[in-house]
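In what follows, a single structure is set out as structure tokens and then discussed.
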Amino acid sequence: MLKTIKKIKLQIKGGLANPAPPIGPALGAAGVNIMDFCKQYNLSTQKSKGKLLPVIITIYNDKSFSFLIKEPPVSKQLLE
């Protein structure tokens, strides 16, 4: 059974995740494969490319992960 060991909250531009800070250090410290996360995130957010999206990344005891992408903050939507 998978056990949650950490949750990380970040705001990442859709379709533009890369291993640079803040993503790389946050996931690397938890032992997650950063490139796998970036590929999956970019595929999931192709339609929102360039929009700042809040994401909650859940890291499990076997170093696997899942993520939940939320709607952009209202303050950002109003500026568009």
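Per the numbering used here, the sequence shown starts with residue 54, numbered consecutively.
Cβ coordinates follow ideal geometry from the N, Cα and C atoms, glycine included.
| message | Quick check: the Cα distance between residue 58 and residue 96, rounded to an integer number of angstroms? | response | Within the sequence shown, residue 58 is the residue found at index 5, counting from 1. Within the sequence shown, residue 96 is the residue found at index 43, counting from 1. Rounded to the nearest angstrom, the two C-alpha atoms are 25 angstroms apart.
| request: Could you tell me the boundaries of the beta strand (DSSP E) in which residue 80 lies? | output: Looking up residue 80 in the sequence shown gives position 27. Per DSSP, residue 80 lies in no beta strand (DSSP E); the unbroken alpha helix (DSSP H) holding it starts and ends at 76 to 81.
| request: Spell out whether any CB of chain D is found under 8 angstroms from the CB atom of residue 120. | output: This model lacks chain D altogether, as it is built from one protein chain only.
| said: Restricting to Cα atoms, I'd like to know which of 112, 63, 54 and 56 is closest to residue 126. | reply: As a first step, residue 126 is located in the sequence shown; it is residue number 73 there, counting from the start. Distance check between residue 126 and each of 112, 63, 54 and 56 places 63 closest, using alpha-carbon atoms only.
| DSSP three-state call for residue 117: helix, strand or coil? | The count along the sequence shown starts at 1 and reaches residue 117 at position 64. Note: residue 117 maps to coil in three-state DSSP.
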